[in-house]
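S.K.: Under this note's numbering, the first residue of the sequence shown carries the number 1, and numbering increases by one thereafter. Note that CB positions come from ideal geometry on N, CA and C, so glycine has one too. Provided herewith is a single structure, encoded as structure tokens, for subsequent inquiry.
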Amino acid sequence: MAEIEREAMEYDVVIVGAGPAGLSAAIRLKQLDADLNVVVLEKGSEVGAHILSGAVLDPCGLDALIPDWKEKGAPLNVPVKEDNFYMLGEAGKIRVPNWPMPPLMNNHGNYIVSMGNVCRWMAEQAEEMGVEIFPGMACSELVYGDGGEVKGVVAGEFGKNPDGTPGPSYEPGMELHGKYVFLSEGVRGSLSKEVIAKYDLSKGHCPQKFGLGMKEIWEIDPAKHREGTVTHTMGWPLGSNAGGGSFIYHLENNQVYVGFVVHLNYENPYLFPYMEFQRFKHHPIVADLLEGGKRVAYGARAISEGGWQSMPKMVAPGVALLGCSVGMVNVPRIKGNHNAMLSGKAAAEAAHAAIKADRSGDELAEYETEVRQGAIGQDLKKVRNVKPMWSKWGLMPSLALGGLDMWTNTLGFSLFGTLRHGKSDAAATGEAAKFKPIDYPKPDGKISFDRLTNVSFSFTNHEEEQPCHLQLKDASVPIGVNLPKYAEPAQRYCPAGVYEVVEEEGKDPRFVINFQNCVHCKTCDIKDPSQNINWTTPQGGDGPNYPNM
């Protein structure tokens, strides 16, 4: 395609992604200097559209950013009142008492929230301070300066034909330049991935590890609803097939968030994470809760799980990675939003100091130092061995040894030092010949549902005439390599039914990509054993449109 000419707009700081990290950075920049020009670009149709509600939030990040958040009406309305943890068998359960758990696992003082609504509220605070927020503006490219630094992004490109050429209604978008660019795209963002590769930011760090989190929002019988109750489970149905577990959070208005996480380092290519989630809901403690209720939303998202060992270098010339673009989830706590907020605050403070000193386009080393040595690093370092223990030794040994390690880390030392992660999640996938297919029960349509029915409850939408944003590096690999060697696991690891192998009598198998179904979880980009799928950003506003509730 011929060189495209675009108009350019100049800002002090350009922020990609209106999640908790990006919005925290915008707010903090304006707190420090009201005259700074700050823009936030969000690919969702509105702020919160790509954030499926439901999380337990540690308010420490919000306390540091907006200490009077209660007075300002932040939607943190349901404090955690009860904390339960169960080991599940197929029909039974064992309650794990709270008293032997390390203090950091206590949810006292935390809130069950809709993160979509929290981000909408944060966006209101930012706009009142003068931050420009543009939803529906996907950032498709990075813009580099003459010295190789990141100096901006291309946003708002629309109207390409399926083959990538400009269509009749093509809009080239704009270049938004900044003295610094913050990437807060969430897990496995396409621009962040490019920056990490270009500047070799993962050198010397463990590979990032991931989980697939799937979530449904239910309205249940008021008689069964216990506002403020948090329940986590481990064990059945995954057993030895994969690591993972569940969460059930009772919010307000008789709503319950039911979630299931599967660690993506599983070996058996026949594992079907979505169907494990649906099977889980038929356990008596879940089925009894949901019976007579109504599912109102569904979504999925990859979760960064590598923690302390896997965080890449966070800065390169002109650019900083924030929140889940780095990987700041505390895995045993299943919490990362507080660290995302703290990272946004730290990046803003580093950029403000740099701009005040007439710097631009260089590395914000102060930001990296604060993340690794400050509250975020302290939070993640205490739990750094839980995930590698789980991967190496399995569930029960990791519970005992991980608990011991968290206790000793609370006291300031570790008996294990820092364990390293092994191979990437893609490389962990085993060959199909070494495993047997798993027989999953058919969804009943009441408590469990087929994928395509559930995807309709993510309200996802993609303009069909645009280029497919799920790009194959080599179109022959799915059928020529992945099908015979791995039984083409894309058919199963995708929680939205995007990938199909179509076999018709008398014809060769075909690999079909139904990109309209994509809920932007990025699992394919992570788990494909041949690393042949590249998730790129579709045009702005496309993707899931999670309800405002």
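Starting from Thr233, follow the alpha helix (DSSP H) in both directions and report where the run begins and ends.
M.R.: Working through the sequence shown from its first residue, we reach residue 233 at position 233. Unbroken run through Thr233 is the beta strand (DSSP E), 229-235; no alpha helix (DSSP H).
S.K.: Decide yes or no for the touch test of the region 234-244 against the region 264-284: beta carbon pairs closer than 8 Å, at least 3 of them.
M.R.: Touching, per the Cβ criterion.
S.K.: Please determine, among Cys468, Phe449, Asn77, the residue with the shortest C-alpha to C-alpha distance to Tyr298.
M.R.: Position 298 of the sequence shown, counted from the start, is the residue given in the question as residue 298. That would be Phe449, whose Cα lies nearest to the Cα of Tyr298.
S.K.: What is the C-beta distance between Leu76 and Pro59, in whole angstroms, given that I count them as a contact (C-beta under 8 Å)?
M.R.: Taking the first residue of the sequence shown as position 1, residue 76 is located at position 76. Taking the first residue of the sequence shown as position 1, residue 59 is located at position 59. Rounded, the Cβ-Cβ distance is 6 Å, consistent with contact.
S.K.: When you compare each of Glu128, Ala375, Lys224 to Gly293 by their alpha carbons, which one comes out closest?
M.R.: Residue mapping note: residue 293 aligns to position 293 of the sequence shown, counting from 1. Among Glu128, Ala375, Lys224, the Cα nearest to that of Gly293 belongs to Lys224.
S.K.: Give every residue of the same chain whose Cβ lies closer than 7 Å to the Cβ of Val233, excluding the five residues on either side of it in the sequence, and list them in chain order.
M.R.: Here residue 233 corresponds to residue number 233 of the sequence shown, with the count starting at 1. The identity of residue 233 in the sequence shown is Thr, whereas the question assumes Val. Same-chain partners within the cutoff: Tyr86, Leu88, Gly245, Ser246.
S.K.: My output table needs one value for Trp218: the three-state DSSP class, helix, strand or coil.
M.R.: For this step, residue 218 is matched to residue 218 along the sequence shown. Of the three classes helix, strand and coil, the one that applies to Trp218 here is strand, per DSSP.
S.K.: Among Gln539, Arg301, Asp83, which residue has its Cα nearest to the Cα of Val262?
M.R.: Taking the first residue of the sequence shown as 1, we reach residue 262 at position 262. That would be Arg301, whose Cα lies nearest to the Cα of Val262.
S.K.: In the DSSP assignment, find the beta strand (DSSP E) that holds Pro166 and state where it starts and stops.
M.R.: Translated into positions along the sequence shown, residue 166 becomes position 166. 166-171 is the extent of the beta strand (DSSP E) around Pro166.
S.K.: For Ser458, which of helix, strand or coil comes out of DSSP?
M.R.: Position 458 of the sequence shown, counting from 1, holds the residue named residue 458. Helix.
S.K.: Taking just the CA atoms, how far does Val315 sit from Leu57?
M.R.: For the purposes of this step, residue 57 is identified with residue 57 of the sequence shown, where counting begins at 1. For the purposes of this step, residue 315 is identified with residue 315 of the sequence shown, where counting begins at 1. Straight-line Cα distance between these residues: approximately 27 Å.
S.K.: With DSSP run on the structure shown, which of helix, strand or coil describes Asn330?
M.R.: Sequence index remark: in the sequence shown, residue 330 carries index 330 (1-based). Strand.
S.K.: Quick one: is His250 buried, meaning 16 or more other Cβ sit within 10 Å of its Cβ, or exposed?
M.R.: Your numbering for residue 250 matches position 250 in the sequence shown. Under this definition His250 is a buried residue.
S.K.: In chain order, which beta strand (DSSP E) runs of at least 3 residues are fully inside the region 258-337?
M.R.: List check, beta strand (DSSP E) in window: 294-304, 319-321.
S.K.: Classify Met396 as buried or exposed, calling it buried when 16 or more other Cβ atoms lie within 10 Å of its own Cβ.
M.R.: Working through the sequence shown from its first residue, we reach residue 396 at position 396. Burial call: exposed.
S.K.: Please tell me whether Pro237 and Glu276 are closer than 7 Å, where the distance is taken between their beta carbons.
M.R.: Residue mapping note: residue 237 aligns to position 237 of the sequence shown, counting from 1. Residue mapping note: residue 276 aligns to position 276 of the sequence shown, counting from 1. The answer is yes: Cβ separation under 7 Å.
S.K.: Where in the region 113-168 do unbroken runs of the alpha helix (DSSP H), each at least 4 residues long, occur, reported from the N-terminal end onward?
M.R.: The qualifying runs are 115-128.
S.K.: Take Gly344 and list the residues in its own chain whose beta-carbon comes closer than 6 Å to its own, dropping the five residues that flank it on each side.
M.R.: Within the sequence shown, the letter at position 344 stands for residue 344. Within the same chain, Gly344 has close Cβ partners Ala21, Ser24, Ala25, Leu322.
S.K.: In the DSSP output, which residue or residues are listed as bridge partners for Tyr111?
M.R.: The residue labelled residue 111 in the question sits at position 111 within the sequence shown. Per DSSP, Leu57, Pro79.
S.K.: In angstroms with no decimal places, state the Cα-to-Cα distance between Ser424 and Asp68.
M.R.: Indexing the sequence shown from 1 puts residue 424 at position 424. Indexing the sequence shown from 1 puts residue 68 at position 68. Looking at the two C-alpha atoms, the distance is approximately 42 Å.
S.K.: On a Cα-Cα basis, can you pick out the residue from Phe413, His421, Glu216, Asp379 that is closest to Lys392?
M.R.: Here residue 392 refers to the residue found at position 392 when the sequence shown is read from its first residue. Closest by alpha carbon: His421.
S.K.: To the nearest angstrom, how far is it from the Cα of Gly307 to the Cα of Pro168?
M.R.: One-based indexing of the sequence shown puts residue 307 at position 307. One-based indexing of the sequence shown puts residue 168 at position 168. Their Cα atoms are separated by approximately 46 Å.
S.K.: Pull up the CB-CB distance for Ala496 and Cys518, whole angstroms please, since I reckon it's below 8 Å.
M.R.: Residue 496 sits at position 496 when you count from the first residue of the sequence shown. Residue 518 sits at position 518 when you count from the first residue of the sequence shown. Going by Cβ atoms, the distance from Ala496 to Cys518 rounds to 6 Å, so yes, they are a contact pair.
S.K.: Counting C-beta neighbours from all protein chains within 10 Å, is the total for Leu364 16 or more, i.e. buried, or is it exposed?
M.R.: As a working note, residue 364 is residue 364 in the sequence shown. Per the 10 Å Cβ criterion, buried.
S.K.: For His421, name the three-state secondary structure that DSSP assigns.
M.R.: Looking up residue 421 in the sequence shown gives position 421. Three-state DSSP puts His421 in coil, outside helix and strand.
S.K.: Should Met1 go down as buried or exposed, given a rule of 16 or more other Cβ atoms within 10 Å for buried?
M.R.: Against the sequence shown, residue 1 aligns to sequence position 1. Only weak support is given to the placement of Met1: the predicted model assigns it a pLDDT of 44, under 50, and the value that follows is read from those uncertain coordinates. With fewer than 16 Cβ atoms within 10 Å of its Cβ, Met1 is classed as exposed.
S.K.: Going by Cα to Cα distance, which pick from Arg384, Ile438, Trp390, His520 is closest to Phe413?
M.R.: Stepping through the sequence shown from its first residue, residue 413 is reached at position 413. It is Arg384.
S.K.: What separation, rounded to the nearest whole angstrom, lies between the Cα atoms of Val39 and Lys160?
M.R.: Position 39 of the sequence shown holds residue 39. Position 160 of the sequence shown holds residue 160. About 25 Å.
S.K.: For the candidate residues Phe515, Trp535, Asn514, whose alpha-carbon lies nearest to that of Cys524?
M.R.: One-based indexing of the sequence shown puts residue 524 at position 524. Of the candidates Phe515, Trp535, Asn514, the one whose C-alpha sits nearest the C-alpha of Cys524 is Trp535.
S.K.: Determine the direct distance from the alpha carbon of Gln491 to that of Gly499, and round the result to whole angstroms.
M.R.: Indexing the sequence shown from 1 puts residue 499 at position 499. Indexing the sequence shown from 1 puts residue 491 at position 491. A quick correction: the sequence has Tyr, not Gly, at residue 499. Answer to the nearest angstrom: the Cα atoms are 5 Å apart.
S.K.: Short check: CB of Ile220 to CB of Val256, under 7 Å?
M.R.: Against the sequence shown, residue 220 aligns to sequence position 220. Against the sequence shown, residue 256 aligns to sequence position 256. Going by C-beta atoms, Ile220 is nearer than 7 Å to Val256.
S.K.: Leaving out five residues before and five after Leu289 in sequence, what residues of the same chain have Cβ atoms less than 6 Å from its Cβ?
M.R.: Position 289 of the sequence shown, counted from the start, is the residue given in the question as residue 289. The answer, listed in chain order, is Lys224.
S.K.: I'd like the span of the beta strand (DSSP E) that includes Val195, first residue to last.
M.R.: As a first step, residue 195 is located in the sequence shown; it is residue number 195 there, counting from the start. Where Val195 is concerned, there is no enclosing beta strand (DSSP E), although the alpha helix (DSSP H) it sits in stretches over 190-198.
S.K.: Please state whether the Cβ-Cβ distance between Gly543 and Met137 is less than 7 Å.
M.R.: Looking up residue 543 in the sequence shown gives position 543. Looking up residue 137 in the sequence shown gives position 137. The answer is no: Cβ separation not under 7 Å.
S.K.: Tell me the residue span of the beta strand (DSSP E) that contains Ser391.
M.R.: Numbered from 1 along the sequence shown, position 391 holds the residue referred to as residue 391. Where Ser391 is concerned, there is no enclosing beta strand (DSSP E), although the alpha helix (DSSP H) it sits in stretches over 386-393.
S.K.: Since Ala64 and Val118 are thought to touch, with beta carbons under 8 Å apart, how far apart are those beta carbons, to the nearest angstrom?
M.R.: To locate residue 64, count along the sequence shown from 1; it is residue 64. To locate residue 118, count along the sequence shown from 1; it is residue 118. About 15 Å; that fails the 8 Å criterion.
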